[in-house]
Every structure is written in C-alpha cells, then in structure tokens.
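Structure record follows, encoded as structure tokens.
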Amino acid sequence: MSSSSDGLKITGFDVYPASIAYSHVERSSRVNRAGVTDVIVKLTTESGLVGWGEACSGADTASIEAALRSMSRFVLGRNAWETEAIASDVFGAGLWDYRPMTGNFAFAGVDMALWDLCGKAANQPLYRLFGGAQRKSANYFYYLSQATPDDLAAQCSEAVPKGYNCFYLKVGVNAAAEEEMLAAIRKTIGPSAKIRIDANEAWSVPEAARLLTRWHERFDIDFAEAPVRAVPHALMLDLRPRVPVALCANEGLGRQSDVVSMIESHAADVLCFSSYWVGTLRRFHTLSHLAALHGQRVLKHTHGEFGLAAAAGHHMMLALPNVEDGVQQTAAMMADDILVDRLPIADGPEWGLIEGAGLGVEVDEDKLAKYVEAYRRDGQFLPN
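If you read the sequence shown in my numbering, its first letter stands for residue 921, the second for the next number, and so on.
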C-alpha cells in the first residue's frame, strides 16, 4: 500500500449535479428525454492534485447525489491508489451491496476520479494503467433519431461522408413505422455499412423471432440489442437459434454476478455495459476479459454522458482485447460539454490514443458551473 507521503491523500470530495441538453430529443421504447443530467465528482489531494469523475444519474439525480455524499467518509483521508480497498469498503461496510444499481451508478464516478488521480500521479494515460493499448483507435456508431423515412435518409446522408460505418436505431415502438425507417437507412448508407437495432426488451420471443428474421432478410441487420428480456436468460437462449442475427445484451447486466451469469449462459454474442453497471473500471475491465475467454465481444454502453465518462470508457476500449466496432456514444448529439476541448467523436466515428495523463481531458469549470446552475434552475432531464 502506498503511503500518504506521495501527496495522494484525499482531502477534498465535491459533487456537482449538472444538466446539458441534447441537440434533439432521444426517443425509444423506454426513454423520451431532451438531455443528460449526471453528477460530477471532484477529488482533491493534499498536494492539490485534482481528479474528476462522472456518476450516472439513472432515474433520479438527487438519490445519486445523496449516495455520493454518504460514500465520502470512505474516501476522505485515503490514498488514491487504494481503488479496490475503497470500493470494498463502500460496498461492504457502507452496505451499498444491498442497493447495487444505485451504488454502482454513484461509485463509478468516485472510481473514475480515483483513477484520474492515479494516472496524473504516474504521468500516464489511463489505458496504460490497465495493460496498455491493444489498438490505436476505437470506432464509434452513429446514433440515429427515430423520425420519418425522409428525415432518417437525411441523417444518414450527413453521417456517411464523415466516415461512419455503423448505424444504430432504437426500435420496439411501432414495427410498421420502424420497417420503413430501416428501408430508408439501408437505401442511404449502402449495402456494406452496419445497421444495429435496440428494442430495449420491448418484444416477446415470437415477435422478436418474426421481426428479426424479416428485417435481416430485407435489411441485413448486424445485431439486435435487448430484443427480449434478459432475465431469465432462457428467453434470449430460446430466441438465439430462431434468428439469423447476433444478439447483444445490455439490460440485465446491473451487477457483477449478473454479468458473470450472462457470460456463462452464452445467451448473447455481445455484451454492452460499462463501469456504471458494475461500479468500477477495474470490474468492467476484468469482466470484459472473462467475456473474451468465452468468445464474446464487448461494447461500452452509454446512458447519455458528458465527456468525462466518454473519456474513461474510451480508455477501456483502447485497453481491452475483445472490443466490437461501433462503440456507443452520445457526444455527437450533445449541445455542449463540460470539457475544454471538443471530443473527437463529437464530429466523427474515430477516436485515437489519448496522450494526456489520467483521463487525459480537462474540465472547464466555468462551463461546469453553468450546467450546475441549469440543474438547480430546471431540474433533471427525466427519462420520460
């Protein structure tokens, strides 16, 4: 265990709930929201070093803010290198293992800030603390907004010249309308680009089997995310042999044990999750390696996120061996961010190596204050 003499003893713990609008409304079978509200975590050490993290708000920002404040007693006075020991105390002695999803959503921001401090102390980007880069860049998807076929064709026409080759559409609301949307997408992006769909568990097994078979024949669907309920796994296992489409799991991965169960069941070909789901970057990294041993691929999931969470996820995408292309992102649809520099994926599908220490991004504290005030004034961007 490192000593406090290295200046990494944590003496400051601050949280800032903030709201930033989307450039357009996000609609699916589960959400209808106009922006993102997350809680920013700022950890300060006795030497004045600052680490930043981003906690996912989920259904209720106030509960995440309260959870973070309750966790502060396990963080203050500790050395930032004690990432695993701090997590163990928060979830064990702090009893957050009894409320795992709220605990994971909140602590993921603390964990992110701890790793940011460690990377800055070592003067290394985060991916090097997780074994080094296994690729020079990661490819991200284009997140389409449900609309008329003409509007979707326009969205695709804007994205194709930018180099996007993976297009993602939420489905599960109106199958007839979605079939017309898919026809417009395929016609515009050409025969080789990938179409992925996400039903957010909206379908029954027979409905999923019928639609996925039909849509794959007509539009060559690359994979279907959450076509049916993930729990029990028997539903996905029943669906798999009935469709010619790869299946991706997202819902149902809310705890470490859930991810292990999904991996061992082989109910999905791809796992789409993040440190929010399992609480820490280390857990996400470890579970992704377990998926690799089972021949499964992984993607970073996004609930909607600011640049801090996007950067942390990108470090993982650089470091892991089994990353699928078309990583999830909402940077391209954010009206603004809290960072000094614009993220590469705000303007295109590729994000290369991050050279800066820690997360490798810089928070604009004036912007942060602006969006904290937006939250205090207008409240949370609710899921619906």
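The beta carbon of each residue, even a glycine, is placed where N, CA and C say it ideally should be.
Report the residue from N1242, G1199, A1252 whose alpha carbon sits nearest the alpha carbon of R1019. Start at 1 with the first residue of the sequence shown, and residue 1019 comes out as number 99. Ranking N1242, G1199, A1252 by Cα distance to R1019 puts G1199 first.
Kindly list the residues whose CB is nearer than 6 Å to the CB of D1036, restricted to its own chain and excluding five residues on each side of it in sequence; keep chain order. Counting from 1 along the sequence shown, the entry for residue 1036 is found at position 116. Within its own chain, the residues whose Cβ lies closer than 6 Å to the Cβ of D1036, once the five positions on either side in sequence are excluded, are G971, W972, G1278, L1279, listed in chain order.
What number of angstroms, rounded off, separates the C-alpha of F1061 from the C-alpha of A1251? Looking up residue 1061 in the sequence shown gives position 141. Looking up residue 1251 in the sequence shown gives position 331. F1061 and A1251: Cα-Cα distance of roughly 11 Å.
Any contact between the segment 1115-1135 and the segment 1086-1099? By contact I mean 3 or more CB pairs, one from each, below 8 Å. yes
Tell me the rounded alpha-carbon separation between E1293 and D1140. What you label residue 1293 is simply residue 373 of the sequence shown in a count that begins at 1. What you label residue 1140 is simply residue 220 of the sequence shown in a count that begins at 1. If you take the alpha carbons of E1293 and D1140, they lie about 46 Å apart.
Have a look at T1003 and D1071 and give me their C-alpha separation to the nearest angstrom. Translated into positions along the sequence shown, residue 1003 becomes position 83. Translated into positions along the sequence shown, residue 1071 becomes position 151. For T1003 and D1071, the distance between alpha carbons rounds to 46 Å.
Helix, strand or coil for N1094 per DSSP? Position 174 of the sequence shown, counted from the first residue, corresponds to residue 1094. N1094 falls in the coil class under three-state DSSP.
Simplified DSSP assignment, three categories, for F1301: Position 381 of the sequence shown, counting from 1, holds the residue named residue 1301. F1301: coil per DSSP, three-state reduction.
C-beta contact flag for C1168 and A1129 at 9 Å: Locating residue 1168 in the sequence shown gives position 248, where the first residue counts as 1. Locating residue 1129 in the sequence shown gives position 209, where the first residue counts as 1. Not in contact: C1168 and A1129 (Cβ atoms no closer than 9 Å).
Run through the DSSP bridge pairs and tell me what A941 is partnered with. As a position in the sequence shown, residue 941 is number 21, starting the count at 1. Looking at the DSSP assignment, A941 forms a beta bridge with G955.
Helix, strand or coil: which one does DSSP assign to M921? Residue mapping note: residue 921 aligns to position 1 of the sequence shown, counting from 1. Reliability of the predicted coordinates at M921 is poor, the pLDDT of 40 falling under 50, and no value is obtained from them.
Give every residue of the same chain whose Cβ lies closer than 6 Å to the Cβ of A1026, excluding the five residues on either side of it in the sequence, and list them in chain order. Start at 1 with the first residue of the sequence shown, and residue 1026 comes out as number 106. The answer, listed in chain order, is A975, I984, A987, L988.
Chain-order list of residues whose beta-carbon lies under 8 Å from that of F1049 (same chain, five-residue window excluded): Translated into positions along the sequence shown, residue 1049 becomes position 129. One point to set straight first is that residue 1049 is Leu, not Phe, in the sequence displayed. The answer, listed in chain order, is W1035, C1038, G1039, A1042.
Rounded C-alpha distance that separates S1124 from V1148: Locating residue 1124 in the sequence shown gives position 204, where the first residue counts as 1. Locating residue 1148 in the sequence shown gives position 228, where the first residue counts as 1. Cα to Cα, the separation comes out at about 6 Å.
List the residues that DSSP assigns as beta-bridge partners of S1057. The residue labelled residue 1057 in the question sits at position 137 within the sequence shown. Partner(s): G1272.
Taking the C-alpha atoms as reference points, what is the distance between R1296 and A982? Indexing the sequence shown from 1 puts residue 1296 at position 376. Indexing the sequence shown from 1 puts residue 982 at position 62. The straight-line gap from Cα to Cα measures roughly 11 Å.
What is the DSSP secondary structure of N1120, counted as helix, strand or coil? What you label residue 1120 is simply residue 200 of the sequence shown in a count that begins at 1. In this structure, N1120 counts as coil in the three-state DSSP scheme.
Other residues of its chain near D1286: CB distance less than 7 Å, five sequence neighbours each side excluded: On the sequence shown, position 366 is the one that residue 1286 refers to. Nothing meets the Cβ criterion.
Residue closest to V935, alpha-carbon to alpha-carbon, out of D958, E1078, R953: Within the sequence shown, residue 935 is the residue found at index 15, counting from 1. Comparing Cα-Cα distances from V935 to each of D958, E1078, R953, the minimum goes to D958.
Taking 9 Å as the cut-off, decide whether the C-beta atoms of A873 and L1046 are in contact. Nothing can be reported for residue 873, as the shown portion of the chain is limited to 921 through 1304.
Report yes or no: do the segment 1096-1104 and the segment 1243-1263 share at least 3 C-beta pairs separated by less than 8 Å? Contact between the segment 1096-1104 and the segment 1243-1263 is absent, because fewer than three Cβ pairs lie under 8 Å.
Please go through the same chain and pick out, in chain order, the residues whose beta-carbon is closer than 6 Å to the beta-carbon of I1274, but skip the five residues on each side of it. In the sequence shown, residue 1274 corresponds to position 354, counting from 1. Same-chain partners within the cutoff: P1045, G1280.
Verify whether the separation of the beta carbon atoms of R1262 and V1243 is less than 9 Å. Numbered from its first residue, the sequence shown carries residue 1262 at position 342. Numbered from its first residue, the sequence shown carries residue 1243 at position 323. No, the Cβ-Cβ distance between R1262 and V1243 is not below 9 Å.
N1170 in three-state terms, based on DSSP: The count along the sequence shown starts at 1 and reaches residue 1170 at position 250. N1170 falls in the coil class under three-state DSSP.
What does DSSP give as the partner residues of A975 in its beta bridges? For the purposes of this step, residue 975 is taken as residue 55 along the sequence shown, with counting starting at 1. A975 is bridged to V959.
Out of M1236, T1206, L1219, Q1249, which has the shortest C-alpha to C-alpha gap to G1227? Within the sequence shown, the letter at position 307 stands for residue 1227. When each option's Cα is compared against that of G1227, the closest is Q1249.
On the DSSP bridge list, what partners appear for D934? If you number the sequence shown from 1, residue 934 lands on position 14. BP columns for D934 point to K962.
Considering Cα atoms alone, identify which of T1222, I1265, M1237 is closest to E946. Against the sequence shown, residue 946 aligns to sequence position 26. It is T1222.
Counting along the chain, where does the beta strand (DSSP E) carrying R1217 start and finish? Along the sequence shown, read from residue 1 onward, the residue named residue 1217 stands at position 297. Counting along the chain, the beta strand (DSSP E) containing R1217 begins and ends at 1217-1220.
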